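Student: Take this structure, written in structure tokens, and hold onto it; I'll ask about it next.
2 protein chains.
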Amino acid sequence: MLTFIGLGLFDKTDVSEKGLSRIRNADRVYLECYTSRLMGATREGLEQYYRRPVTPLYRSDVEQDPDAMLEEATTKDVVFLCAGDPMVSTTHADLRIRAASRGIPTAIIHAASIASAVCGLSGLQNYRFGKSCSLPFPQKNWFPTTPLDVILANLSQRLHTLVYLDIQDDRYMTVPEAVALLEEMAAARKEKIPLYVGIARAGSDEPVVRAGPGELVRACDFGPPLHILIVPAELHDMEREYLEMFAGL
Amino acid sequence: MLTFIGLGLFDKTDVSEKGLSRIRNADRVYLECYTSRLMGATREGLEQYYRRPVTPLYRSDVEQDPDAMLEEATTKDVVFLCAGDPMVSTTHADLRIRAASRGIPTAIIHAASIASAVCGLSGLQNYRFGKSCSLPFPQKNWFPTTPLDVILANLSQRLHTLVYLDIQDDRYMTVPEAVALLEEMAAARKEKIPLYVGIARAGSDEPVVRAGPGELVRACDFGPPLHILIVPAELHDMEREYLEMFAGL
Chain A
1 MLTFIGLGLF DKTDVSEKGL SRIRNADRVY LECYTSRLMG ATREGLEQYY RRPVTPLYRS
61 DVEQDPDAML EEATTKDVVF LCAGDPMVST THADLRIRAA SRGIPTAIIH AASIASAVCG
121 LSGLQNYRFG KSCSLPFPQK NWFPTTPLDV ILANLSQRLH TLVYLDIQDD RYMTVPEAVA
181 LLEEMAAARK EKIPLYVGIA RAGSDEPVVR AGPGELVRAC DFGPPLHILI VPAELHDMER
241 EYLEMFAGL
Chain B
1 MLTFIGLGLF DKTDVSEKGL SRIRNADRVY LECYTSRLMG ATREGLEQYY RRPVTPLYRS
61 DVEQDPDAML EEATTKDVVF LCAGDPMVST THADLRIRAA SRGIPTAIIH AASIASAVCG
121 LSGLQNYRFG KSCSLPFPQK NWFPTTPLDV ILANLSQRLH TLVYLDIQDD RYMTVPEAVA
181 LLEEMAAARK EKIPLYVGIA RAGSDEPVVR AGPGELVRAC DFGPPLHILI VPAELHDMER
241 EYLEMFAGL
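Order-wise, the sequence lines are chains A and B.
Going by UniProt numbering, the first sequence opens with residue 1, and the numbers climb by one from there.
Going by UniProt numbering, the second sequence opens with residue 1, and the numbers climb by one from there.
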């Protein structure tokens, strides 16, 4: 059996009771380390908490050589851990399909995802979010403006946009970096993004949430990662009141 | 202090370790009973599990008479429990604003939300969802077609739509009922919704996920609530493969 278990947002205690009990009873515990990170936990800390060895998995392990893990799952109880809620990433969906193709039973144990946590942290209403987008680090000769297209299309429909910020190895895009990139893209197109909401360390005891125009949010110190960004559309009254109260608008 | 704690999707073990420990140490435990339900749990079962009395809250308690609860939270450690992830509902945001206006410290402990769980259950990619909508039970002289407008706008942008199904007291809209309503709305406008994905009991050990055209999904028995519906846009290859494997497409 192969069970995908979400670990939630920040530290070892964000896993559900259901998930923790399955991990502690598993024959083998794998931890997916490449699509996201549990910033408030170390692998050693997780091993102590689970009372089980935890084997890290990198992209090539899952996308190119999953055979050994799948072989194990034909006879043993294998759990596949990841930050957030499983399957938000394509690579997990692919692995579940491969497992099922071999006749391996699969299951998912859900956990908190940043996709819904941002609603609570910002007060922006879930049903007002349009399509989300990802903002990659700019590379030489490659500066995609797709994120801006998504944001502008959402704004024109009065919808908020959740902007996932790039992670490259140990480099995490910050909210100020992201705002600077989007402001540059917008300026090049003579567009103006009126408001941003930056969020850092969702799920921790000390999340930072700051709302304001680009120049203000760029100047904030959000502290350590992970960061995420929202570009809100025109605010409803209660959304505005919430941001004034909890995000310094 | 007032802490909003999400209970996750289905039963008492879907709460996070962090949430459970705060509940067990709280002075007072309230359970919000009107925006959603934890179908795999009873209040008595939760009380045993938490080793704490649990006071149910109905809409009027929270929206009209929250003063007693807020007064308590000025001196005691009060927790406010709800199914799913807190704050996805406007009424929670309002309560948090009221608490903060009185100078009461507040916090949120996140949990799994149906909004991200549907991605894992259906294999439909998170970033391809547009604005979501709610489908109410039809009432005499009132048959809103807003949900259809949202679905058609999303389809025209090749985006999936998550359709929240109505809960009225102890009446839960089922996937077949929802599909029948949408097919009726679409027919009246000479539109055709090509595909549906119905999901029942997300987060339980036996979720049901079925994909297909309206006439097929309407004929499926999804079993007990809660149900939720997705109207997918044109599928990517892996989404199609996932639905074929796990949803009988």
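No residue lacks a Cβ here, since even glycine has one placed at the ideal position from N, Cα and C.
All values derive from a computational prediction rather than experimental measurement.
Return the bridge partner residues of A:Thr55 from the DSSP annotation.
Tutor: Its beta-bridge partners are A:Tyr30.
Student: So what does B:Arg171 bridge to, in DSSP terms?
Tutor: Looking at the DSSP assignment, B:Arg171 forms a beta bridge with B:Gln168.
Student: Judging by CA-CA distance, which residue of B:Asn141, B:Asp14 and B:Asp149 is the nearest neighbour of B:Tyr49?
Tutor: Here the closest residue by C-alpha is B:Asp14.
Student: A:Asn126 CB to nearest chain B CB: under 9 angstroms?
Tutor: So, interface residue.
Student: Please indicate yes or no: does the CB of A:Ser89 lie closer than 8 angstroms to some heavy atom of the ligand NAD?
Tutor: As for the ligand NAD, it is missing from this structure, which has no ligand bound.
Student: In chain A, which residues lie less than 7 angstroms from B:Ala73 when you measure between Cβ atoms?
Tutor: In chain order: nothing, as chain A lies at least about 16 angstroms away.
Student: Buried or exposed: A:Tyr30, going by 16 or more other Cβ atoms within 10 Å of its Cβ?
Tutor: So A:Tyr30 counts as buried.
Student: Quick check on the DSSP output: the alpha helix (DSSP H) that includes B:His236 runs from which residue to which?
Tutor: Neither: B:His236 is in no alpha helix (DSSP H) and is coded neither H nor E.
Student: Any C-beta of chain B within less than 9 angstroms: which residues of the segment 127-140 of chain A qualify?
Tutor: If the cut-off is 9 angstroms between Cβ atoms, the segment 127-140 of chain A has Tyr127, Arg128, Phe129, Gly130, Lys131, Ser132, Cys133 and Ser134 near chain B.
Student: Can you look up B:Ser60 in the DSSP assignment and give me helix, strand or coil?
Tutor: If DSSP states are grouped into helix, strand and coil, B:Ser60 belongs with the helices.
Student: For A:Asn154, which residues of its own chain have a beta-carbon under 6 angstroms away from its beta-carbon, when the five flanking residues on both sides are left out?
Tutor: Contacts found: Gly130 and Thr161.
Student: Counting pairs of Cβ atoms below 8 angstroms between the segment 231-240 of chain A and the segment 60-74 of chain B, do you hit three or more?
Tutor: Contact between the segment 231-240 of chain A and the segment 60-74 of chain B is absent, because fewer than three Cβ pairs lie under 8 angstroms.
Student: Note down, in chain order, every chain B residue with its Cβ under 8 angstroms from the Cβ of A:Pro86.
Tutor: Within chain B, the residues near A:Pro86 are Gly120.
Student: If you draw a straight line from the C-alpha of A:Leu70 to the C-alpha of B:Arg201, how long is it?
Tutor: Answer to the nearest angstrom: the Cα atoms are 27 angstroms apart.
Student: Buried or exposed, going by whether 16 or more other CB atoms sit within 10 Å of the CB of A:Thr75?
Tutor: It counts as exposed.
Student: Do you know whose CA, among A:Ile23, A:Glu191, A:Pro138 and A:Pro224, lies nearest A:Met1's CA?
Tutor: Taking only the C-alpha atoms, the option nearest A:Met1 is A:Ile23.
Student: List the residues that DSSP assigns as beta-bridge partners of A:Ile108.
Tutor: A:Phe4, per the DSSP bridge assignment.
Student: Quick one: complete beta strand (DSSP E) runs, 3+ long, within the segment 118-145 of chain A?
Tutor: The qualifying runs are 133-135.
Student: Does chain A have any CB closer than 9 angstroms to the CB of B:Gly8?
Tutor: Closer than 9 angstroms to some Cβ of chain A, the Cβ of B:Gly8 qualifies, so yes.
Student: Along the segment 1-32 of chain B, what residues have a CB closer than 8 angstroms to any CB found in chain A?
Tutor: Under the 8 angstroms Cβ criterion, the segment 1-32 of chain B contributes Phe4, Gly6, Gly8, Leu9, Asp11, Lys12, Thr13, Asp14, Val15, Ser16, Glu17, Lys18, Leu20 and Ser21.
Student: Just verifying my parser: in three-state terms, what is the DSSP assignment at B:Val15?
Tutor: B:Val15 falls in the coil class under three-state DSSP.
Student: Could you list the residues in the segment 93-120 of chain B with a C-beta less than 9 angstroms from some C-beta on chain A, going in chain order?
Tutor: Going along the segment 93-120 of chain B in chain order, one finds Ala93, Asp94, Arg96, Ile97, Ala100, Ser101, Thr106, Ala107, Ile108, Ile109, His110, Ala111, Ala112, Ser113, Ile114, Ala115, Ser116, Ala117, Cys119 and Gly120 with a Cβ nearer than 9 angstroms to chain A.
Student: With three or more beta-carbon pairs closer than 8 angstroms as the criterion, would you say the segment 96-105 of chain A touches the segment 31-42 of chain A?
Tutor: In short, these stretches do not touch, since the Cβ pair count stays below three.
Student: Could you check if B:Gln125 is buried or exposed, using at least 16 other CB atoms within 10 Å of its CB as the buried criterion?
Tutor: B:Gln125 is buried by the Cβ-count criterion.
Student: What are the residues of the segment 154-184 of chain B that lie near chain A, defined by any Cβ-Cβ distance shorter than 7 angstroms?
Tutor: The segment 154-184 of chain B vs chain A, Cβ under 7 angstroms: Leu159.
Student: So is B:Glu239 buried or exposed if we call it buried at 16+ other beta carbons inside 10 Å?
Tutor: It counts as buried.
Student: DSSP puts B:Arg210 in a beta bridge; with which residues?
Tutor: In DSSP, B:Arg210 forms a bridge with B:Gly198.
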